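Participant: Right, I'll just put the structure down here and ask away after.
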Amino acid sequence: MPLWKIYHPENAYTANDKKAIAEAITAIYPLPKFYVGVVFQEVPKHSFYIGGEPAGNFVRIWVDHIARQFVDESLKERFFAAVNRRLAPYLADRGLHWEIHVDETPFGLWRIQGLQPPLPDSPAENKWREENMPSAY
Amino acid sequence: MPLWKIYHPENAYTANDKKAIAEAITAIYPLPKFYVGVVFQEVPKHSFYIGGEPAGNFVRIWVDHIARQFVDESLKERFFAAVNRRLAPYLADRGLHWEIHVDETPFGLWRIQGLQPPLPDSPAENKWREENMPSAY
Amino acid sequence: MPLWKIYHPENAYTANDKKAIAEAITAIYPLPKFYVGVVFQEVPKHSFYIGGEPAGNFVRIWVDHIARQFVDESLKERFFAAVNRRLAPYLADRGLHWEIHVDETPFGLWRIQGLQPPLPDSPAENKWREENMPSAY
Numbered sequence: 077m078p079l080w081k082i083y084h085p086e087n088a089y090t091a092n093d094k095k096a097i098a099e100a101i102t103a104i105y106p107l108p109k110f111y112v113g114v115v116f117q118e119v120p121k122h123s124f125y126i127g128g129e130p131a132g133n134f135v136r137i138w139v140d141h142i143a144r145q146f147v148d149e150s151l152k153e154r155f156f157a158a159v160n161r162r163l164a165p166y167l168a169d170r171g172l173h174w175e176i177h178v179d180e181t182p183f184g185l186w187r188i189q190g191l192q193p194p195l196p197d198s199p200a201e202n203k204w205r206e207e208n209m210p211s212a213y
Numbered sequence: 077m078p079l080w081k082i083y084h085p086e087n088a089y090t091a092n093d094k095k096a097i098a099e100a101i102t103a104i105y106p107l108p109k110f111y112v113g114v115v116f117q118e119v120p121k122h123s124f125y126i127g128g129e130p131a132g133n134f135v136r137i138w139v140d141h142i143a144r145q146f147v148d149e150s151l152k153e154r155f156f157a158a159v160n161r162r163l164a165p166y167l168a169d170r171g172l173h174w175e176i177h178v179d180e181t182p183f184g185l186w187r188i189q190g191l192q193p194p195l196p197d198s199p200a201e202n203k204w205r206e207e208n209m210p211s212a213y
Numbered sequence: 077m078p079l080w081k082i083y084h085p086e087n088a089y090t091a092n093d094k095k096a097i098a099e100a101i102t103a104i105y106p107l108p109k110f111y112v113g114v115v116f117q118e119v120p121k122h123s124f125y126i127g128g129e130p131a132g133n134f135v136r137i138w139v140d141h142i143a144r145q146f147v148d149e150s151l152k153e154r155f156f157a158a159v160n161r162r163l164a165p166y167l168a169d170r171g172l173h174w175e176i177h178v179d180e181t182p183f184g185l186w187r188i189q190g191l192q193p194p195l196p197d198s199p200a201e202n203k204w205r206e207e208n209m210p211s212a213y
């Protein structure tokens, strides 16, 4: 958690851009860094439609959150404000149109290297965060 | 919302087919047209399995609904009847096997161009529908 | 249901590996075999990030469960134990890092060949299981 899937036009991003975007996304979360997965997928214009029209200028972001659930509205606002701010150089500032939606999936149905990740803010999660890798606990 | 992801065999659809499918899907929803995103993904037979067997003849459709939730069973029936009818020329009528499932994800965790989309059937949503683009409200 | 999406490094798996993985996954479920869909997607290192770093050694598995919901913790444990055991030859034993998460999506929003699948363990589901294909009921 989280898993980000970024559908983008062909040649929209260089490898350096993609690394910078992945770092920007990772920095949003106060989680062990290795929790944050980002998959980029280039979609040819003939395979990508918005409102029935080929989308050559659109970035569609799909996210699953697992490790944390939003518990109130202000946290959602802060999250999306951070997304807007940190990703602006790769989206709005380039004239790309974009849309994002997030789902929240069950904490209990998640494993890393076969291990159930520790509870939020537990000593074990702190260890995973510090070491940036999973370990038995 | 909605986001449709269509996994299909190699060479199953031309660009014209894909545009027609995206238009058919868009026509199902009484929403601003630009809410409807469709991503096609060609999957080689060696990467696509149904029941453990390579699937050269199968279309697997995954959908996230965000802008609206189904509030009763009759709406679900009408939705899937519309899907069956509108997509038949590209699925059943071509002898392709197919499966679809839909998830419903939180309205509050969705942004377009950084904006939270307006409430269902609000004046702002009506404006977005008429103009077929998002705007501050 | 279920739908498995497996993001893996380039050249991590041969076609034979992928068939064996799909068979191993299918064997986990006491469902009609054709319910089990598996899509493999090769992701180039420059498009796949874990914790902001390019992931050349990582398999990220995303799953939607539809036909059954986990009703207690022991079933979840048994499921993930089966996943760990059956997929070990293609993950841990090859030195690949990996992560999996599962979501549960609404039974009522699922169709195969346009048909709503029968209720769990109903006579119609048993027929679908025995014949390994859908039929009107």
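Protein chains in written order, with the numbering used here: chain A, 77 to 213; chain B, 77 to 213; chain C, 77 to 213. The beta-carbon is built from N, C-alpha and C at its ideal position, and this holds for glycine as well. The structure presented is a predicted model; accordingly, all values stated were derived computationally and were not measured.
Suppose the cutoff is 6 Å on Cβ atoms and the five residues either side in sequence are ignored; what does the same chain contact list for E201 of chain B look like?
Facilitator: Excluding sequence neighbours, E201 of chain B sits near P194.
Participant: Give a yes or no on whether 8 Å exceeds the smallest Cβ distance from P130 of chain A to chain F.
Facilitator: Chain labels in this structure do not include chain F; the protein chains are A, B and C.
Participant: Assuming I142 of chain C contacts W204 of chain C under a Cβ cut-off of 8 Å, what Cβ separation, rounded to an integer in Å, is found between them?
Facilitator: Actually they do not touch by this definition, with Cβ atoms about 14 Å apart.
Participant: Under 8 Å by Cβ, that's how I've got G113 of chain B and I126 of chain A pegged, so tell me the actual separation to the nearest angstrom.
Facilitator: Rounded, the Cβ-Cβ distance is 6 Å, consistent with contact.
Participant: If you follow the alpha helix (DSSP H) that L163 of chain B is part of, which residue opens it and which one closes it?
Facilitator: Residues E149 to L163.
Participant: K81 of chain C bridges to which residues according to DSSP?
Facilitator: Its beta-bridge partners are C:V115 and C:W138.
Participant: Which bits of chain B does A98 of chain C rub up against, with CB to CB less than 7 Å?
Facilitator: Here the neighbours are Y125 and G128.
Participant: Would you identify the three-state DSSP class for R205 of chain A, choosing helix, strand or coil?
Facilitator: The answer is helix: DSSP assigns R205 of chain A an H, G or I state.
Participant: Do V115 of chain B and V119 of chain A come within 8 Å of each other at the CB atom, strictly closer than that value?
Facilitator: Yes, the Cβ-Cβ distance between V119 of chain A and V115 of chain B is below 8 Å.
Participant: With 8 Å set as the bound, which would you pick, yes or no: does the beta-carbon of F156 of chain C sit closer than that to a beta-carbon of chain A?
Facilitator: Yes, F156 of chain C counts as interfacial toward chain A.
Participant: In the structure shown, what three-state DSSP assignment does D197 of chain A receive?
Facilitator: In the structure shown, D197 of chain A sits in coil (DSSP, three-state: anything other than H, G, I, E or B).
Participant: Is it the case that the Cβ atoms of V135 of chain A and I101 of chain A are separated by a distance below 8 Å?
Facilitator: Contact: no.
Participant: Any idea what DSSP makes of R187 of chain A, helix, strand or coil?
Facilitator: R187 of chain A: strand per DSSP, three-state reduction.
Participant: Return the first residue and the last residue of the beta strand (DSSP E) that D179 of chain B is part of.
Facilitator: Residues H173 to E180.
Participant: Could you name the residues of the stretch 174–191 of chain C whose beta carbon sits closer than 9 Å to any beta carbon of chain A, in the order they occur along the chain?
Facilitator: Flagged, chain order: W174, E175, I176, H177, V178, D179 and E180.
Participant: Based on Cα-Cα distance, which residue from B:F156, B:A212 and B:I97 lies nearest to G128 of chain A?
Facilitator: Nearest of B:F156, B:A212 and B:I97 to G128 of chain A, Cα basis: B:I97.
Participant: Would you decide whether E86 of chain A is buried or exposed? Buried here means 16 or more other CB atoms lie within 10 Å of its CB.
Facilitator: When all chains shown are included, E86 of chain A counts as exposed.
Participant: To the nearest angstrom, how far is it from the Cα of I188 of chain A to the Cα of Y111 of chain C?
Facilitator: About 25 Å.
Participant: Going by DSSP, name the residue or residues bridged to Y125 of chain B.
Facilitator: DSSP lists B:P130 and C:V114 as partners of Y125 of chain B.
Participant: Can you grab the Cα-Cα spacing for the pair N208 of chain A / V147 of chain C, in whole Å?
Facilitator: One C-alpha to the other measures close to 33 Å.
Participant: Please work out which residues of its chain come closer than 6 Å, Cβ to Cβ, to Q145 of chain A, disregarding the five sequence neighbours upstream and downstream, and give them in chain order.
Facilitator: Same-chain partners within the cutoff: E180.
Participant: Drop a sphere of 10 angstroms on the beta-carbon of S150 of chain A, count the other beta-carbons inside from all chains shown, and report buried for 16 or more, exposed for fewer.
Facilitator: Exposed, since its Cβ has fewer than 16 Cβ neighbours within 10 Å.
Participant: Please list, in chain order, all residues of the same chain as L107 of chain C whose beta carbon is under 6 Å from its beta carbon, the five residues on each side excluded.
Facilitator: Answer for L107 of chain C: A143, listed in chain order.
Participant: Helix, strand or coil for N87 of chain A, going by three-state DSSP, please let me know.
Facilitator: If DSSP states are grouped into helix, strand and coil, N87 of chain A belongs with coil.
Participant: Would you say K152 of chain B lies against chain C (beta-carbon separation less than 8 Å)?
Facilitator: It does: the Cβ of K152 of chain B has a partner Cβ on chain C nearer than 8 Å.
Participant: With a threshold of 8 Å between beta carbons, is N208 of chain B in contact with chain A?
Facilitator: Yes, N208 of chain B counts as interfacial toward chain A.
Participant: Reducing DSSP to helix, strand and coil, say where A143 of chain B ends up.
Facilitator: A143 of chain B: coil per DSSP, three-state reduction.
Participant: Helix, strand or coil for Y166 of chain B? Go by DSSP, reduced to three states.
Facilitator: In the structure shown, Y166 of chain B sits in a helix (DSSP, three-state: H, G or I).
Participant: Return yes when the Cβ of L172 of chain C is within less than 8 Å of the Cβ of A88 of chain C, no when it is not.
Facilitator: A contact, by the Cβ cut-off of 8 Å.
Participant: Reducing DSSP to helix, strand and coil, say where A96 of chain A ends up.
Facilitator: Three-state DSSP puts A96 of chain A in a helix.
Participant: Rank C:H84, C:K94, C:K95 and C:A103 by C-alpha distance to the C-alpha of R161 of chain C and give the top, closest one.
Facilitator: For the residues C:H84, C:K94, C:K95 and C:A103, the minimum Cα distance to R161 of chain C belongs to C:A103.
Participant: Taking C-beta pairs closer than 8 Å, name the residues in chain A that L79 of chain B reaches, listed in chain order.
Facilitator: Residues of chain A passing the Cβ test: R136, W138 and H177.
Participant: Within the 8 Å Cβ cut-off, does V119 of chain A reach chain C?
Facilitator: No, no contact with chain C.
Participant: Please confirm whether H122 of chain A has its beta-carbon closer than 8 Å to some beta-carbon of chain B.
Facilitator: Closer than 8 Å to some Cβ of chain B, the Cβ of H122 of chain A qualifies, so yes.
Participant: With distances taken between CB atoms, is the gap from G190 of chain B to A168 of chain A smaller than 8 Å?
Facilitator: Yes, the pair counts as a contact, with Cβ atoms nearer than the cut-off.
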